[in-house]
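Since the structure comes first, as structure tokens, the remarks are kept for the end.
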Amino acid sequence: MKKLFLSTALATLMALPALAPAQEPKQGGNMVVTYKDDVATLDPAIGYDWQNWSMIKSVFDGLMDYEPGTTKLRPGLAESHEISEDGLTYTFKLRPGVKFHNGRELVADDVVYSINRVVNPATQSPGQGFFSMIEGYDEAAEGKTDAVSGVSAPDDSTVVFKLSRPDATFLHIMALNFSFIVPKEAVEEAGADFGKKPVGTGAFKLAEWTLGQRLVFEKNPDYWISGVPYLDSFTVEVGQEPVVALLRAQNGEVDVPGDGIPPAKFVEVMKDEAQASLVVEGGQLHTGYITMNVTQPPFDKVEVRRAVNMAINKDRIVQVINGRAVPATQPLPPSMPGYTAGYEGYEFDREGAKKLLADAGYADGFDTELFVMNTDPNPRIAQAIQQDLKAIGINASIKSLAQANVIEAGGAGTAPMIWSGGMAWIADFPDPANFYGPILGCSGAVEGGWNWAKYCNPELDKLAAEADSIVDPAKVDERLAKWSDIYMKVMEDAPWAPVFNEQRFTMKSPRMGGDDALYVDPVSIPVNYDYVFIKE
Amino acid sequence: MAVYILRRLLQSALILLGVSFITFVLLYVLPADPVRQIAGRSATAATVESIRQQLGLDQPFLVQYANYLLNLVQGDFGRSYLQKTEVAQLIASRLPATLLLLVAAIACELLIGLPLGIIAALNRGKAIDNGLMLTSFITVSAPQFVVALLLLFVFAVQLGWFPIGGYGTFAHIVLPALTLGILGSGWYSRIMRSSMVDVLRADFIRTARAKGLGRSKVILGHALPNAILPIIAMIGIDIGIFMSGIVVVESVFGWPGIGQLAWQAIQRVDIPIIMGVTLVSACGIVLGNLIADLISPLIDPRIKLR
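Chains as they are written, first to last, in numbering that gives the first Met the number 0: chain A, 0 to 535; chain B, 0 to 305.
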């Protein structure tokens with residue numbers, strides 16, 4: 000087995016100082032974070048809400064990790080890894096001396112157990128499908144075998160993954176919450192309640208969970224990154240309306256209102272200098288888009304779909320949401336690798352759009368339906384879209400429904416147009432591949448899939464597979480160029496009209512310290528709990 | 000008496016069965032798939048089907064309903080689809096908060112509503128009566144969300160007398176109870192007024208006055224006990240009104256009760272929780288009415304339970 004590259008402990012040493020914050024971190028204190036909704040679970044195999052996602056990251060670890068505040072991979076529980084030249088074998092060396100919160104030392108068998116558990120259908124993990132590149136996945140996912148044959152532990156500190164196809168996203172998958180390592184004995188003892196009694200290797204351990212009220216996370220003094228975390232603890236208070244959470248933050252009772260600044264209060268907060276100075280703005284891996292069902296007339300005609308792209312006045316829609324976004328030109332958000340810089344997208348041109356409609360045989364326009372989720376600001380955005388469409392002769396009636404109902408209609412393919420707001424794709428991991436398969440690829444264009452445009456271009460699927468077979472880190476630019484091409488071809492076919500990329504606005508109390516990037520961390524929303532600290 | 004209670008309990012059981020059936024039907028025909036909520040957006044069709052099978056959601060409607068009932072009579076409410084926690088445990092952890100709020104809110108309603116109703120009745124037709132009845136009209140029509148935020152802003156944020164939402168101490172309960180109290184007091188003051196007006200016209204009040212009893216003695220000693228009867232029945236009905244209104248108030252004040260639990264479950268199509276909370280609330284309403292009916296003859300011996 001020829002080795003392509005070797006990331007060693009040295010890489011870790013180089014990676015860690017990269018986050019050296021401007022301020023010297025201070026140890027101690029308790030941070031208070033609020034949320035409207037309950038935390039459903041802290042089981043890394045189950046949790047898939049944006050709010051429990053970052054808490055799970057603090058309680059558990061995976062083989063791979065991200066540099067805080069960035070989308071750059073760094074070694075996690077594995078101090079090094081090797082990739083075989085054919086890209087089909089990944090060998091991870093575990094960091095010695097890592098302990099679970101229950102005191103037991105982590106061994107390679109725990110990794111094997113954790114992966115098998117996620118893939119096992121009895122676990123009902125929403126992340127099961129992420130592991131489909133591992134050899135033996137199908138048999139295990141269907142429940143024919145208990146173990147994924149491609150994962151093995153030759154000794155206590157080595158884990159080997161054999162893949163059935165080369166996949167450049169595999170290291171990102173190893174950094175995903177679903178691959179976080181859990182101790183078998185704790186899972187078996189707690190059974191279905193493991194999500195309420197989590198035991199991991201992470202920087203924090205769960206100290207208290209009063210259902211419906213609060214969770215208290217306490218510093219893990221034996222954490223394998225010395226000096227981390229900085230906080231002694233953080234308290235998550237649930238059941239707090241965002242408006243009330245904001246009042247409490249203004250009163251100094253809350254450090255971070257987790258649901259952000261409510262839309263109705265946004266202008267007021269940003270106009271007030273003292274409050275605006277406490278708000279950190281950052282990009283996020285999100286795109287808001289309109290899907291057009293390409294299997295049904297009139298959207299089966301590419302001219303019509305391009306006309307819709309040209310009809311949307313994106314700047315005005317950004318104004319509708321008080322400038323909390325930037326206009327989008329393509330499916331990928333600007334902070335995502337593979338984004339095509341310099342591409343302007345479809346120009347806002349009503350006359351041109353009308354011409355295209357006439358070319359397609361719809362000179363007099365047509366009637367259609369626009370599905371939208373019924374929470375603010377989405378119905379208002381839908382109205383703006385409706386007016387833009389009206390201007391070129393398309394009469395779209397708005398169907399404003401609960402989230403689950405819109406998702407159902409999108410999956411069933413009964414919705415001609417959907418505004419994605421409130422359900423839009425936010426990347427699971429920072430890689431362009433994650434914006435393709437489920438939402439633009441053929442695999443998602445099935446009954447119940449998330450490809451609501453039902454767009455399936457087998458040629459692009461082939462290109463995507465080619466791009467993802469480039470696993471050599473030295474050829475990463477070649478791979479990203481391929482992805483950029485794929486998204487440009489998507490824009491030509493225009494199954495979507497990308498509208499905007501939402502910005503994130505996190506409010507923090509004046510006493511909170513740490514680099515601003517930690518408060519808009521692309522993989523930990525709202526904040527990276529492990530690295531923020533209290534200044535006083 | 001015992002026969003009456005037994006019959007009422009049987010009726011109650013039938014009502015609950017009906018409630019469970021209707022709720023189950025509504026959730027079944029809902030155009031939203033709970034399995035998709037569990038499986039998440041990245042799940043493949045195979046994952047979705049496997050979860051559907053494991054939860055028995057691929058079974059025909061009546062089989063699903065029968066299974067649910069079968070578990071229910073064994074005291075098993077099932078596990079939350081998304082939290083995986085036992086629904087009984089989730090409800091039990093939140094029920095005390097809701098019951099506490101129920102008692103405090105009804106106490107507030109009575110403390111505000113009854114005196115106002117009595118004052119209005121004693122001043123019938125005068126400006127003070129009209130003013131009070133107009134006020135009660137406004138309070139029963141005011142949106143909970145607005146009143147709750149208004150009280151929160153004035154008394155918690157501006158004046159700082161009470162905490163801004165939360166749970167735990169006496170100070171925490173004042174504002175949510177007051178919100179419900181102010182809004183519900185209008186019903187009580189109107190009923191109290193009309194009942195009192197009727198009683199004040201009665202012969203025995205005239206007799207009491209004629210024999211020279213003081214005004215306060217007549218009102219509190221003779222008129223009030225006779226006028227209070229509709230109020231007792233009203234409390235029974237009020238439990239139902241309370242249960243339907245609790246969602247908003249619990250949300251605004253961050254009160255960890257079952258209303259909040261239900262609201263979150265509805266948004267995520269977490270059917271076991273929705274069913275559980277609905278049944279527990281229905282139980283509360285049925286029991287509340289039963290108790291009100293049982294108390295009435297203790298206050299007015301003319302009422303016979305049959």
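All residues carry an ideal CB built from backbone N, CA and C; glycine is no exception. All values reported here derive from a predicted model rather than from experimental measurement.
As the crow flies, the alpha-carbon of Met506/A is around 19 Å from that of Leu284/A.
DSSP assignment within the segment 37-65 of chain B yields the following whole alpha helix (DSSP H) runs of 4 residues or more, N-terminal first: 44-53. Listed as beta-bridge partners of Arg503/A by DSSP are Gly281/A. Within its own chain, the residues whose Cβ lies closer than 6 Å to the Cβ of Lys56/A, once the five positions on either side in sequence are excluded, are Ser523, listed in chain order. Within chain B, the residues Ala31 and Gln266 have their CB atoms less than 8 Å from the CB of Ala401/A, given in chain order. Val526/A has its alpha-carbon roughly 37 Å from the corresponding atom of Leu56/B. Going by DSSP, Glu184/A is part of the alpha helix (DSSP H) stretching over Lys183 to Ala189.
Cβ contact annotation for Leu162/A (same chain, cutoff 8 Å, sequence separation greater than five): Gly86, Leu87, Thr88, Tyr89, Met132, Ile133, Glu134, Gly149 and Phe169, in chain order. When DSSP states are grouped into helix, strand and coil, Lys303/B belongs to the coil group. Ser232/A and Ile14/B have their C-alpha atoms spaced approximately 49 Å apart. Listed along chain A are Gly128, each with a C-beta nearer than 7 Å to that of Thr43/B. Around the beta carbon of Gln52/B, a 10 Å sphere encloses fewer than 16 other beta carbons of the protein chains shown; the residue is thus reported as exposed. The straight-line gap separating the alpha-carbon atoms of Val470/A and Tyr65/A is approximately 18 Å. Fewer than three pairs of CB atoms, one per stretch, sit closer than 8 Å, so the segment 241-253 of chain A makes no contact with the segment 39-49 of chain A. By the neighbour-count definition (other C-beta atoms within 10 Å, threshold 16), Leu158/B is an exposed residue.
Taking a Cβ-Cβ threshold of 7 Å, the residues of chain B close to Gly447/A are Arg35, Ala44 and Val47, in chain order.
Using a Cβ-Cβ cut-off of 8 Å, Arg51/B does not count as an interface residue toward chain A, since no Cβ of chain A sits closer than that to its own. In the DSSP assignment, Pro497/A is bridged to Tyr288/A.
Each of Thr286/A, Tyr136/A, Asp254/A and Pro415/A was checked against the Cα of Ser396/A, and the nearest Cα belongs to Pro415/A.
In this structure, Glu407/A places its C-beta atom within 8 Å of the C-beta atom of Pro30/B. The closest CA to that of Asp366/A, considering only Arg379/A, Asp430/A, Pro296/A and Gly337/A, is found on Pro296/A.
DSSP, reduced to helix, strand and coil, places Trp254/B outside both helices and strands of the structure shown, so it counts as coil. Judged by beta-carbon spacing, Gly392/A lies beyond the 8 Å limit of Thr43/B, meaning their Cβ atoms are not closer than that value. Under the three-state reduction of DSSP output, Ala383/A falls in the helix class.
Under the 8 Å criterion on CB atoms, Leu151/B is classed as interfacial with respect to chain A. Excluding residues up to 5 positions away in sequence, Gly116, Ala119 and Ala120 lie with their Cβ nearer than 6 Å to the Cβ of Arg192/B in the same chain. The beta-bridge partner set that DSSP reports for Glu368/A consists of Ser396/A. Neighbours of Val32/A in chain B, taken as residues whose beta carbon is under 8 Å from its own, are absent, since the nearest beta carbon is some 14 Å off.
Beyond the five residues adjoining it in sequence on each side, Ala96/B comes within less than 7 Å, by CB distance, of Tyr166, Trp254, Pro255 and Gly256 in the same chain, given in chain order. Interface criterion met: the Cβ of Ala38/B is under 8 Å from a Cβ in chain A. Selection Leu277/A, Thr374/A, Thr122/A and Leu355/A evaluated against Arg510/A yields Leu277/A as nearest (Cα-Cα).
In this structure, Ala291/B lies near Gly235/B, with their beta-carbon atoms less than 8 Å apart. The C-alpha of Asp36/A lies about 28 Å from the C-alpha of Gln382/A.
Going by C-alpha positions, Ile245/B is about 40 Å away from Arg214/B. For Leu93/A, the uninterrupted beta strand (DSSP E) run begins and ends at Thr88 to Leu93, by DSSP. Sixteen is the threshold: when 16 or more other Cβ atoms of the shown chains lie within 10 Å of the Cβ of Phe216/A, as they do, the residue is buried.
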